[in-house]
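*Asks:*
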Amino acid sequence: MTPNTNLQDRIKHVFVVMLENRSFDHLLGLSHIQGIDAVSGQPTTLDGLNARNDWNLDPQGKKVVASSPADWTMSFDPGHEFNDVKEQLCGAGGNYPHITNSGFVTNYSKIDPANPGEIMKCYAMDQLPVL
């Protein structure tokens with residue numbers, strides 16, 4: 733690419749996905765979408781979730797792994813208030829800005845004690861044919 737190339741002329745499609753209470757990981761974390769890196773122009777795969785690294789402990793200390801399939805709706809909304817989000821991102825008793833993403837299950841267990849792992853469910857690729 734030469735310095736005079738107008739990058740905007742190369743843009744073919746722009747997608748905006750807006751869905752209430754759906755995180756990027758929930759929607760696309762297990763999708764393995766392939767495409768072209770916008771900076772390098774090289775083939776790339778979405779840097780999604782993986783079971784070795786993407787898990788939380790439930791209140792009993794059991795590991796809950798990000799997995800699929802996810803139901804179309806959740807029984808309860810996850811907490812949205814500041815303290816809920818802080819716990820989800822920093823873990824129970826964690827302090828911002830040390831973000832570990834380790835408190836989602838613990839926080840959701842306060843809302844849905846019977847199914848705290850539901851918060852770790854992600855859509856499988858075959859559940860999202862439009863995306």
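For the sequence shown, our numbering begins at 733 and goes up steadily by one. All C-beta atoms in this analysis are idealised placements derived from N, C-alpha and C, irrespective of residue type, glycine included.
Looking at the structure shown, is residue 851 part of a helix, part of a strand, or coil, going by DSSP?
*Replies:* helix
*Asks:* With DSSP as the reference, label residue 859 as helix, strand or coil.
*Replies:* Correct three-state label for residue 859: helix.
*Asks:* Run through the DSSP bridge pairs and tell me what residue 789 is partnered with.
*Replies:* 795
*Asks:* How would you write the range of the beta strand (DSSP E) that residue 776 sits in, first residue to last?
*Replies:* 775 to 777
*Asks:* Could you please give the first and the last residue of the uninterrupted beta strand (DSSP E) stretch that includes residue 768?
*Replies:* 766 to 768
*Asks:* Note down the Cα distance separating residue 803 from residue 789, rounded to an integer number of angstroms.
*Replies:* 21 Å
*Asks:* Please confirm whether residue 786 and residue 798 have their CB atoms less than 8 Å apart.
*Replies:* yes
*Asks:* Classify residue 865: buried if its beta carbon has 16 or more other beta carbons within 10 angstroms, exposed otherwise.
*Replies:* Here the chain has residues from 733 to 863 only, and residue 865 is not among them.
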